[in-house]
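Here the sequence shown is numbered in numbering that gives the first Met the number 0, starting from 0 and rising by one per residue. Just below is one structure, and these are the notes that go with it.
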Amino acid sequence: MASNQTYWWQSAAQAGPEEALSLEVAAGQQERFAEVDALAARLLSVALAGQPVATITLGRGLHTPDTAKVTALTKAEASLCAGVFGVQEQQRRGAWYLPTKLSVKAGAVDLPYLLRERPAHALMLAADETARLTAVDGADTILLWALLVPLFETLLQPVRLRAAGDIFPPTQQKQFWALIEERYRLLGIKDGALDAFRFGGGWHNLDRSGQQQARLDLLDTLAGADLVQLVARHRIQRLQGLMTGFAKKAKAGTPLARRVLTKELQPVASAYFGGDWLAVLDYLQARPHPNEEIITALPEPRLYVGTSSQTAGVAAEAGIAESEVQAMLAAFLGGDSSMSPVEERAAALRSWWAGFDQAHAVQSPAMPSLWGLVDQELMSFSRTEQGFTPQLYRQRLPADVLGLVGRLWETVTLQRHPGSIVSNPRPHQTMADALGPAGEFWHGVGLTAWFVCEGPYSRTTLDRVDRYHSKPLAALRAAGCPVDTALFRELRAAEQMLGPQEEIADRATSAVETPFGQITFTSGMGHGTRREGFERVRDVITRYRRAWTEQHLETYLQHRWRSELESVAHQLHRFVAEKGRAPTLIQFSRFATTAANHWTGGDLGALYTAIGEPAPAEQERPARLLTGDGYDFARQVFRELGGKPVDHGTWVNDPEETQRQWQLGRLATESLRYVQLQEALGQPPTAKQFGSQRLVWPWPGKEEEGWFVLQRVLATLTDTTLPPAPAPSPAAAGTAPHQSGQDGVQEVLVKGANVPIETGSTEVRIIANGAPFDVSAVLLTSSGRVRSDDDLVFFNHPAQDGVRISGGTVSAELDQIPKTVSSIAVVISIDSEAQPDAVFGPDAMWDAEIIQPTGTRLFFTPEAFSGRETVVVAVELYRRADEWRARAVGQGYDTGLASLATDYGITIEA
Numbered sequence: 000m001a002s003n004q005t006y007w008w009q010s011a012a013q014a015g016p017e018e019a020l021s022l023e024v025a026a027g028q029q030e031r032f033a034e035v036d037a038l039a040a041r042l043l044s045v046a047l048a049g050q051p052v053a054t055i056t057l058g059r060g061l062h063t064p065d066t067a068k069v070t071a072l073t074k075a076e077a078s079l080c081a082g083v084f085g086v087q088e089q090q091r092r093g094a095w096y097l098p099t100k101l102s103v104k105a106g107a108v109d110l111p112y113l114l115r116e117r118p119a120h121a122l123m124l125a126a127d128e129t130a131r132l133t134a135v136d137g138a139d140t141i142l143l144w145a146l147l148v149p150l151f152e153t154l155l156q157p158v159r160l161r162a163a164g165d166i167f168p169p170t171q172q173k174q175f176w177a178l179i180e181e182r183y184r185l186l187g188i189k190d191g192a193l194d195a196f197r198f199g200g201g202w203h204n205l206d207r208s209g210q211q212q213a214r215l216d217l218l219d220t221l222a223g224a225d226l227v228q229l230v231a232r233h234r235i236q237r238l239q240g241l242m243t244g245f246a247k248k249a250k251a252g253t254p255l256a257r258r259v260l261t262k263e264l265q266p267v268a269s270a271y272f273g274g275d276w277l278a279v280l281d282y283l284q285a286r287p288h289p290n291e292e293i294i295t296a297l298p299e300p301r302l303y304v305g306t307s308s309q310t311a312g313v314a315a316e317a318g319i320a321e322s323e324v325q326a327m328l329a330a331f332l333g334g335d336s337s338m339s340p341v342e343e344r345a346a347a348l349r350s351w352w353a354g355f356d357q358a359h360a361v362q363s364p365a366m367p368s369l370w371g372l373v374d375q376e377l378m379s380f381s382r383t384e385q386g387f388t389p390q391l392y393r394q395r396l397p398a399d400v401l402g403l404v405g406r407l408w409e410t411v412t413l414q415r416h417p418g419s420i421v422s423n424p425r426p427h428q429t430m431a432d433a434l435g436p437a438g439e440f441w442h443g444v445g446l447t448a449w450f451v452c453e454g455p456y457s458r459t460t461l462d463r464v465d466r467y468h469s470k471p472l473a474a475l476r477a478a479g480c481p482v483d484t485a486l487f488r489e490l491r492a493a494e495q496m497l498g499p500q501e502e503i504a505d506r507a508t509s510a511v512e513t514p515f516g517q518i519t520f521t522s523g524m525g526h527g528t529r530r531e532g533f534e535r536v537r538d539v540i541t542r543y544r545r546a547w548t549e550q551h552l553e554t555y556l557q558h559r560w561r562s563e564l565e566s567v568a569h570q571l572h573r574f575v576a577e578k579g580r581a582p583t584l585i586q587f588s589r590f591a592t593t594a595a596n597h598w599t600g601g602d603l604g605a606l607y608t609a610i611g612e613p614a615p616a617e618q619e620r621p622a623r624l625l626t627g628d629g630y631d632f633a634r635q636v637f638r639e640l641g642g643k644p645v646d647h648g649t650w651v652n653d654p655e656e657t658q659r660q661w662q663l664g665r666l667a668t669e670s671l672r673y674v675q676l677q678e679a680l681g682q683p684p685t686a687k688q689f690g691s692q693r694l695v696w697p698w699p700g701k702e703e704e705g706w707f708v709l710q711r712v713l714a715t716l717t718d719t720t721l722p723p724a725p726a727p728s729p730a731a732a733g734t735a736p737h738q739s740g741q742d743g744v745q746e747v748l749v750k751g752a753n754v755p756i757e758t759g760s761t762e763v764r765i766i767a768n769g770a771p772f773d774v775s776a777v778l779l780t781s782s783g784r785v786r787s788d789d790d791l792v793f794f795n796h797p798a799q800d801g802v803r804i805s806g807g808t809v810s811a812e813l814d815q816i817p818k819t820v821s822s823i824a825v826v827i828s829i830d831s832e833a834q835p836d837a838v839f840g841p842d843a844m845w846d847a848e849i850i851q852p853t854g855t856r857l858f859f860t861p862e863a864f865s866g867r868e869t870v871v872v873a874v875e876l877y878r879r880a881d882e883w884r885a886r887a888v889g890q891g892y893d894t895g896l897a898s899l900a901t902d903y904g905i906t907i908e909a
């Protein structure tokens, strides 16, 4: 953009809605929005008249997503929406930013209908109408997300705020109502609409029916407005945000789309421009950036798997020895073999399947059940369920198969630490996950037959086995490898031919001598039933399993690796389309770790090769601390922690000891993750890195005592150095001497120190130099994670639940923080766009100053960082019992905001 040229929207961005719309008309730009404005106005009219606009259909279980549908559309409107809001249509216009997962608050658009039809329960019902979509693929979803929900939430904010009650202090309530009244004024809604709602307007003097009538009166007032004009005013206000965002980035010319379309502005582009960045530029009278690339379709995935079978043909065609072709292929794949890692694992699954099939085919009533043949269960050391044999595969599968599984799935990558490939304590479980629903179903139906016939109990019956295993059966149908439904008819018939139920009982006989002679007592305790006829049922299942194997196994295995690899390639291409660059290794790991662990032993570089892309970095392979079987290691940990099996008497008579042993078993299982983290980090993880707050520590001193016990046990078993015992708290030892200052008492904190602070209005000021910085705050629960993404307070979301940010200052009204918030982390990050190579160090320093209500000041100056840290948690304000404390943290991250976001559970833009 020419710096000396003025544009109509520059004035419109600062004007009121009426003037901005006039400028838009004068520029000839309003007509492009006519259809969308008319659509929004008509749907708003339908809603205010008391008709439903949208419906939510909740999915069944974790694997069936919810769906959202706008039901009030006419046929013509549905056709318009398909073209404007369809996901594929918007992506063809370059909108690759559309979310792949989304929560759509469809209840917001149905709230007017509910207020008229179900006034007593309207807000509760509307809150329930939220679709959690794991696959965003319909025009209705984008219509709701981009256009309708923002409109309805703005108009009905008075109702929602009154429903929240007096959870905010009066000063904050006054601010909220001032903002709402200003929004209503800008929308052109007549004065008096909020008389009953506003702060001090007498809302609490109304009884329930009076409040319900006030809500209906508001709906009538809105319905009586010029809805087309109201919708246009709402639109221009959202577009003013887009104008401002564009202007901010356009100081050196037209910016790239990805620099303007932040998370807040993406729905605006989708709502009013169909996701078309070129249409946005046309509206703003700007030429595209010379490096702007509008990607209208993603490349088709190219998979480099299965090429080893073609070496003979390639060698003959090229006139060279096949061994030379195999050597070249091995070099390309980055290994010693011309067979790709994916091919190796698919071949291993075929071998495993043969052993699995044979184990089920020869199963007989004289044997233990096959529960434990497939490693699908949680580890349990204190008490084992009847019929379950941990690691049964060791006894029932061939040695060569066990060796293949142990070798090919012996390593994995941790999603949070993708720089290293670490030990996999449960290779058989990872292999079973790679195999997927085929193993789940055929193993499950075999176990059902066993427990129905041999007892002691079964979770389902043979005539309901298809419904019990409906999820894997549906997945097999979707893969094009269905199970013959005749199997279930034969199983129903076979169940009718089973013998009568026989009680399974433990009997004991004892003799007692009496003056009248010996008396014999026989006692018995029943624990389930059995029915004769297992072999007949087993043979039916074996016949169908082997028919399925012959017809589908090869296709199914190819579907498993192909679908996972193609999904990774698609997400990689989508990332590039959205961001204009390839992902970093940690960004790639977010969507590639599962496939890598299934098919390349956690090697992300090998996965990159399999999808035909260059890897951004090479992973390290640190020395393995877990050289044996994960089960054996965890059992050792359990014993060293004082664990022992719980017998029946303890289980019945001592629930506290039973619970304690279960908790020790949980710690033993979690110890495997500790060792993986230690390999990835190159040192023992801290309690926070390990997530110790999520666990129960069954020692008198709780976590403080148990954490050191666990570390000592693991250091002994892995033959590594024990981390130093925690030093006394700096707070207990005292901070630096108090200093007297003109504004009150001052204290200097050292790193790790924590001190009590006053409960009230507290400020944390960050003074930084040497690089451009951004300051943000994160509201965290007791688990160390956010409640939602709204708990990240930063320049685009400057206030949340009593915490506000302004420049380099974070203000916290500590007496108003919700009880669900346990701590507030103050974060400093380098603006990498402004200075890409900047890192914290001697040339980029910061200080933190904490100012309390009485003027007492705390100062924290960290030592200079020596790594490549670009993000740091400076200080933390946290609750301890009924008081607040401050901690000098100074924890840096060299992987940027992505790593910090992962730790805190925040979804942010990379």
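Glycine included, every Cβ here is placed at the ideal spot set by N, Cα and C. What you are looking at is a predicted structure, and each value in this text was computed from that prediction instead of being measured.
For P298, the closest C-alpha among the options D773, L255 and R91 is that of R91. Under the DSSP assignment, T761 falls in the beta strand (DSSP E) whose first and last residues are S760 to N768. A Cβ-Cβ contact shorter than 8 angstroms links G418 with E619. Under DSSP, L413 shares a beta bridge with H416.
Taken through DSSP and simplified to helix, strand or coil, S821 comes out as coil. Annotated as distal: R530 and C480, with beta-carbon spacing of 8 angstroms or more.
For N596, the enclosing alpha helix (DSSP H) covers residues L584 to W598. P699 is classed as exposed because its beta carbon has fewer than 16 other beta carbons within 10 Å across all chains shown.
Nearest in C-alpha terms to L348, of all of W560, H203, Y467 and Q239, is W560. Bridge partners of M378 according to DSSP: none are assigned. DSSP places S269 inside the alpha helix (DSSP H), whose first and last residues are Q265 to F272.
A609 and V341 do touch by the CB rule: their CB atoms are close to 6 angstroms apart, below 8 angstroms. Residue state for E757 is assigned as coil, using DSSP reduced to three classes. In this structure, L694 sits near L666, with a CB-CB distance shorter than 8 angstroms. Residue range F533 to K578 is occupied by the alpha helix (DSSP H) that includes T554, with no beta strand (DSSP E) assigned at that position. Secondary structure in the stretch 87-174: the alpha helix (DSSP H) runs of 4 residues or longer, each lying completely within the stretch, are 106-116, 121-127, 138-141, 148-154 and 156-162 in chain order. When the Cα atoms are used, V103 and L57 turn out to be separated by approximately 12 angstroms. In this structure, L813 places its C-beta atom within 8 angstroms of the C-beta atom of G759.
Shortest Cα-Cα distance from A163 to any of L277, V108 and M123 involves M123. Between G904 and R764, the CB-CB gap reaches or exceeds 8 angstroms. Under the three-state reduction of DSSP output, M242 falls in the helix class.
Boundaries of the beta strand (DSSP E) harbouring W845: M844 to I850, taken from the DSSP string. F387 is classed as exposed because its beta carbon has fewer than 16 other beta carbons within 10 Å across all chains shown. With a cutoff of 8 angstroms on beta-carbon distance, F196 and R161 are scored as near each other. The same chain holds no residue with a CB closer than 7 angstroms to that of E553 once the five nearest residues on each side in sequence are set aside. L79 has its alpha-carbon roughly 45 angstroms from the corresponding atom of G199. The continuous stretches of alpha helix (DSSP H) do not include W883, which lies in the beta strand (DSSP E) extending over residues E882 to Y892.
At a Cβ-Cβ threshold of 8 angstroms, L218 and L114 count as neighbours. V636 has its alpha-carbon roughly 8 angstroms from the corresponding atom of S670.
Separation of the CB atoms of E577 and W95 is rounded to 4 angstroms, and the pair is thereby assigned contact status at 8 angstroms. Annotation for T54: the continuous beta strand (DSSP E) segment containing it runs A53 to T56.
Closest in C-alpha terms to R117, from the list L205, R214, Q172 and Q89, comes R214. With contacts defined by Cβ atoms closer than 8 angstroms, V148 and A107 form a contacting pair. Excluding sequence positions up to five before and after G889, its CB lies within less than 6 angstroms of the CB of K750 and P861, all in the same chain and listed in chain order. By the CB criterion at 8 angstroms, G648 and L663 fall outside the cutoff. Listed in chain order, the non-local C-beta contacts of D846 below 6 angstroms within the same chain comprise I766 and T860, local neighbours out to five positions each way being set aside.
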